[in-house]
Amino acid sequence: MILVTGATGALGSLIAERLSGRGDTVLGTRDPRQLEASLPVRRVDFDDPGTLVEGFAGVDVLLLVSAGYGEDDTVIARHGAAVDAAEKAGVGQVVYTSLTAAGDHLPYALPHRWTERRLRESALRWTVLRNGLYAELLAAIAAPSADGRITAPLGEGRLAAVARADLADVAARVAVEAPAHAGRVYELVGERAVGGADLARAHGPHVTYEPGTLAGARAGIAASGAEAFQVPMLVGTYSAIAAGFLSHTTGDLRRLLGRAPRSPLTAALA
Numbered sequence: 001m002i003l004v005t006g007a008t009g010a011l012g013s014l015i016a017e018r019l020s021g022r023g024d025t026v027l028g029t030r031d032p033r034q035l036e037a038s039l040p041v042r043r044v045d046f047d048d049p050g051t052l053v054e055g056f057a058g059v060d061v062l063l064l065v066s067a068g069y070g071e072d073d074t075v076i077a078r079h080g081a082a083v084d085a086a087e088k089a090g091v092g093q094v095v096y097t098s099l100t101a102a103g104d105h106l107p108y109a110l111p112h113r114w115t116e117r118r119l120r121e122s123a124l125r126w127t128v129l130r131n132g133l134y135a136e137l138l139a140a141i142a143a144p145s146a147d148g149r150i151t152a153p154l155g156e157g158r159l160a161a162v163a164r165a166d167l168a169d170v171a172a173r174v175a176v177e178a179p180a181h182a183g184r185v186y187e188l189v190g191e192r193a194v195g196g197a198d199l200a201r202a203h204g205p206h207v208t209y210e211p212g213t214l215a216g217a218r219a220g221i222a223a224s225g226a227e228a229f230q231v232p233m234l235v236g237t238y239s240a241i242a243a244g245f246l247s248h249t250t251g252d253l254r255r256l257l258g259r260a261p262r263s264p265l266t267a268a269l270a
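Going letter by letter, the sequence shown gives residues 1 to 270 in the UniProt record's numbering.
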């Protein structure tokens, strides 16, 4: 049996769609009442560890979609509880959606690396999918203003962005073929690095790229009503892209997809 966590999230729901025709798959979410799905649904709440051992009962492959929305200690506690419960429930293998190695400069990298280490130290078989940053995220943090200007502080930096749908395709495939991927770490970044000027051109001649400053972005994010932990996360993302740390394009994506990856600009504009 395969269990997919985070089935109401953006990535988890896409993975669930790809596995929807299978009779050996169940979905996990903190509130099953909120999920309308063709697959069976179990209550799996990382913030309520008491739900996890029962939720993971009979599971051969746990597709652990990162619960990365929160402070580091919160995310580590969630992932730690999930791995503990997987061991107690006798789960055979965990497939974990982590963060690309190039993302070590990002403020939210630490819980991912902690989780990878915890899996290596566990009695479980494991596979790590190191996902690059989504093209859809780039579109969100570098959206044009009402007057047609992209002012995100990306400088001349570029991002090897990857379509979320491609990551869902890979995760579904690896979950189904899990034993063949045991002990493997895959780098899943895009094959084309794109920047602010590329995004502006993709939007059309009415959009220009006029990068602002990190200080300006920080003030804007703080004033937007974002939670306190989100401010350094987003500013750090801008900074890492601008400094060129996320532009490396080699990886395992094409091989695991069995085809060319989707265009990051098409995914961003969609």
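We put the CB at the ideal spot given by N, CA and C, even for glycine.
Since this is a predicted model, take the numbers as computed values, not measurements.
In angstroms, rounded to a whole number, what distance separates the CA positions of residue i and residue j?
i    : j    : result
A200 : S38  : 39 Å
L154 : G23  : 45 Å
G225 : P179 : 44 Å
L64  : A77  : 14 Å
L159 : P232 : 18 Å
V185 : V128 : 5 Å
L19  : A81  : 25 Å
D252 : E187 : 6 Å
E36  : A240 : 38 Å
E210 : R149 : 7 Å
Secondary structure at residue i, three-state DSSP: helix, strand or coil?
i    : result
L19  : coil
L246 : coil
V83  : helix
L199 : helix
T237 : helix
T8   : coil
R158 : strand
R43  : strand
E177 : coil
E187 : strand
Could you tell me if residue i is buried or exposed, where buried requires 16 or more neighbouring beta carbons within 10 angstroms of its beta carbon?
i    : result
T213 : exposed
S145 : exposed
D166 : buried
G12  : buried
G204 : exposed
To which residues does DSSP link residue i through a beta bridge?
i    : result
W126 : V94
Y209 : I150
Could you check whether the stretch 260–268 touches the stretch 174–194, counting it as contact only if at least three pairs of C-beta atoms, one from each stretch, sit closer than 8 Å?
Yes, they touch.
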